[in-house]
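Same order as they appear, the protein sequences are chains A and B.
Start counting the first sequence at 107; every next residue gets the next number (our numbering).
Start counting the second sequence at 3; every next residue gets the next number (our numbering).
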Amino acid sequence: MSALLEVTDLKVHFPVRRGVLMRQVGSVKAVDGVSFAVGKGETLGLVGESGCGKSTTARAILRLIPATGGSAKLEGTELLSLRGGKLRAKRRDMQMVFQDPYASLNPRMTVFDILAEPLIVHGVAKGKTELEGRVQKLMSQVGLSPAYMRRYPHEFSGGQRQRIGIARAVALKPKLVLLDEPVSALDVSIQAQILNLLVDLQEQLGLTYVFVAHDLAVVRHVCKSIAVMYLGRIVERTTTERLFKAPKHPYTQALLSAIPIPDPVREKKRRRLVLSGEVPSPLNPPPGCHFHTRCPVAVDKCKKEVPRLEPVEDGHMVSCHVVKDRGGLAPDLMSDLG
Amino acid sequence: MTHLLEVKGLKTHFFTEEGVVRAVDGVSYHVSRGEVLGIVGESGSGKSVSSLSTMRLIPEPPGRIVAGEILFSSKGGPPKDLVRASEREMQSIRGDRIAMIFQDPMTSLNPYLRISRQLTEVLELHKNMKGSEARARGIEMLTSVGIPDPSRRFDDYPHQLSGGMRQRVMIAMALLCDPELLIADEPTTALDVTIQAQILELIAERRDLSKVGVVLITHDLGVVARLADRVAVMYAGRIVEQGPAQRIFEDPRHPYTVGLARSIPRLDDDRSRRLVPIQGMPPSLSKLPSGCPFRPRCKNALPACAESFPAERVVARGDETRADASRDPAIGVGDHVVFCHEEDKDKVQAS
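Next comes the structure, spelled out in structure tokens:
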């Protein structure tokens, strides 16, 4: 089966300029050779901590920021080289939902204006009656009362605003939707409403999602496969089942053990791998494996050679010298996630 | 036994043009030495306002503590009601006996002042410590909260530090005078999970070493499970359920507590489980529904729920609920109480 979205060796480097002449003195390698594929109707989770490049990856695919190199193909069409009218036409097929439902909606536009705009721009519907009909349908599809069509974003709660953002993204029946932390700004009791809505819409409209998030418990619930990023690179990529059952990369293991489980008895018994230190600056990342400065099992090779993302078992991709040397076995750091 | 902090019937209201906002509307809780009380709630539940009231940091006007007592027993002495304390008395308590750490360390550290100045100022004010003595104590504190290369970091400005480091500085500042009570308001919400794990370990370590009592305010049930001995669940300005942590998680009796637990995805549940959201959204605090504020979203609502806020009902007495025998037996002891008209446990816990 060919993938709907295929990203190969994607790179996004931001130049760093200094001095009066603004000479380029270096670059921040926000995304440094990221590859993955997502099948039609599936959801890939892109996870990692702040600054790992997960949002930048999503934005580069959508051409919201320019990529430095690599390729991103949607149904075989190269997205990174599209220009002008062709790019605009392709935007119909790929949409984004943003994290902050307060900042991503124009406060001066009514819900009707917000949702009708993509329909008008892409010539899908015209005329007041037709547009109103489409907007009403969209609103009920995302669980908003069409009676609120003439209201402004500030009249809605955070969860409702995120519903508007989702309605805008699916208005053109896109093939691919990039969800950039779609629930992390919402209250916990509202998060579940939005997650359920996303799952339902995916089923109804046959959508393919790339779900960017830092919350692994949320990602686990909605994604079929997951790629874990650290400082611009993917360190581990596999199915959700495998990642949580048998994480191999030391960073993934630490990440999973850091997440608290809402169960006091289990929490007190759990062995935890608490990483020391912090994520190094992307401006001056450590050589070799980016993670070696915090890795409890790093060996000499890790400081010199960049490990490649390679399959260790069928479909389980890991980028770690130690795992590779152990024949694909995870280093035994702890794994008491029950 | 007197508790380190005992809040009784606290009401903090804000008098605005749109009406009276009942941010905290009659809450009672207590914390002992060396104990962590987790206050859980969503935005607008009143969890932050209740702790700002303890510090007497409510902007007045529009806010005002309209009822209740906040009894604080410093050094085992007689309880003092902070609601009636003078501003002078509060100044000597704040930062010295009771310290607070906030969610966003960038906005709570002064960006114009070096870390050194901000730390030594506290010592000058409360401990009358100056010069090299204050400097040494400041660096010692930075070391104890795990800041690498503390003597160099001491003269940095806040912007030169990462988010996790700034939060450590905040904690160092809070602990400088060896406070008896630490109020931590969403201390890890702005941090990445691997850094969150470090900060939570740090708070646990301080609790064990210096027996500081901790009020941990958070929306994250996982964080509460990791650290709290007892839990109070807040909704729309009220505590709706309170008790030892293990009981609240294993045998919740309020429909909101049950709903909250069901709505969050967790690492150890069935992945394909459909999340069960709590329908609707929290009410506006200036237009609260009659009776129980959770009623409009509650699956168990009864006719009585519209008439009155339910009275406190004890589910289990404190001495029956001792949770963690490995620690001080006086810690984590408290009644499991719930404020709900529905008394049938099976009805509340049924999905």
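We put the CB at the ideal spot given by N, CA and C, even for glycine.
Taking Cβ positions only, does Leu307 (chain A) come closer than 8 Å to chain B? no
Classification of Leu170 (chain A) by the beta-carbon crowding that lies within 10 angstroms, buried from 16 upward: exposed
Do we get a CB-CB distance below 8 Å when we pair Pro370 (chain A) with the residues of chain B? yes
From B:Gln105, B:Asp194 and B:Glu135, residue whose alpha carbon lies closest to that of Met172 (chain B): Residue B:Gln105 is the option with its Cα nearest to Met172 (chain B).
Beta-carbon spacing of Tyr454 (chain A), His396 (chain A) below 8 Å: There is no way to answer for residue 454 (chain A), as the model of chain A reaches only from 107 to 444.
Under 9 Å from the C-beta of Glu342 (chain A): neighbouring residues of chain B: Those do not exist, as Glu342 (chain A) stays about 15 Å from chain B at its closest Cβ, beyond 9 Å.
For Val428 (chain A) versus Pro437 (chain A), is the C-beta distance shorter than 8 Å? yes
Can you give me the start and stop residues for the beta strand (DSSP E) that Gln244 (chain B) sits inside? First-last of the beta strand (DSSP E) with Gln244 (chain B): Arg240 to Pro246.
Starting from the Cα of His260 (chain A), find the closest Cα among A:Ser210, A:Glu347 and A:Leu322 and give me that residue. Looking from the CA of His260 (chain A), the closest CA among A:Ser210, A:Glu347 and A:Leu322 belongs to A:Ser210.
Is Met143 (chain B) close to chain A, meaning its C-beta is less than 8 Å from at least one C-beta of that chain? no
Rounded separation between Arg116 (chain B) and Arg139 (chain B) - CA only: 16 Å
Can you pull the DSSP bridge partners for Asp431 (chain A)? According to DSSP, Asp431 (chain A) bridges with nothing at all.
7 Å CB neighbourhood of Pro1 (chain B) in its chain, flanking five on each side removed: No answer is possible for residue 1 (chain B): it lies beyond the span of chain B, which begins at 3 and ends at 353.
Leu262 (chain B) to Ile219 (chain B) span [Cα, whole Å]: 16 Å
Go to Lys135 (chain A), then tell me how far its beta strand (DSSP E) extends in each direction, as first and last residue. Arg129 to Val144
Less than 8 Å between the beta carbons of Val371 (chain A) and Leu150 (chain A), yes or no? Not in contact: Val371 (chain A) and Leu150 (chain A) (Cβ atoms no closer than 8 Å).
Buried or exposed: Ala298 (chain A), going by 16 or more other Cβ atoms within 10 Å of its Cβ? With 16 or more Cβ atoms within 10 Å of its Cβ, Ala298 (chain A) is classed as buried.
Buried or exposed, going by whether 16 or more other CB atoms sit within 10 Å of the CB of Val316 (chain B)? By the beta-carbon neighbour count (other beta carbons within 10 angstroms, threshold 16), Val316 (chain B) is exposed.
Is it buried or exposed, Gly79 (chain B), if we count other Cβ atoms within 10 angstroms and call 16 or more buried? exposed
List the residues of chain A that Ala227 (chain B) touches, going by C-beta distances under 9 Å, in chain order. Pro366, Ile367, Pro368, Asp369, Pro370, Val371, Arg372, Glu373 and Lys374
Taking only beta-carbon atoms, is Phe350 (chain A) less than 8 Å away from chain B? Closer than 8 Å: yes.
Residue-chain proximity (Asp194 (chain B), chain A), Cβ-Cβ < 8 Å: yes
Answer with buried or exposed for Asn112 (chain B), where buried requires no fewer than 16 other C-beta atoms within 10 angstroms of its C-beta. exposed
What three-state label does DSSP hand Gln201 (chain A) in the structure shown? strand
Which residue from B:Arg275, B:Ile149 and B:Pro152 puts its Cα closest to that of Leu301 (chain A)? B:Arg275
Straight-line gap, Leu29 (chain B) to Pro61 (chain B) (C-alpha atoms, nearest Å): Note that residue 29 (chain B) is Val in the sequence shown here, rather than Leu. One C-alpha to the other measures close to 19 Å.
Contact set between Ser156 (chain A) and chain B, taken where Cβ atoms lie within less than 7 Å: Asp194
Pull up the distance between the alpha-carbon of Arg240 (chain B) and that of Gln308 (chain A), whole angstroms please. 38 Å
Gln198 (chain B): contacting residues in chain A (beta-carbon distance under 7 Å): Ala364
Rounded straight-line distance, which links the Cα of Val324 (chain A) to that of Arg268 (chain B): 7 Å
Closest by CA to Ser47 (chain B), which one among B:Val26, B:His32 and B:Gly40? B:Val26
Endpoints, beta strand (DSSP E) assigned at Leu39 (chain B): Val38 to Val42
Cβ neighbour criterion (16 or more within 10 Å) applied to Asp369 (chain A): buried
With 8 Å set as the bound, which would you pick, yes or no: does the beta-carbon of Ser45 (chain B) sit closer than that to a beta-carbon of chain A? yes
Could you name the residues of chain A that Leu269 (chain B) contacts, counting a contact when the two beta carbons are closer than 8 Å? Leu322, Ala323, Arg326, Phe350, Leu362, Ile365, Ile367 and Leu443
Compute the beta-carbon to beta-carbon distance between Leu244 (chain A) and Ala291 (chain A), rounded to the nearest angstrom, for a pair I have assumed lies under 8 Å. With a Cβ gap of about 22 Å, Leu244 (chain A) and Ala291 (chain A) do not count as contacting.
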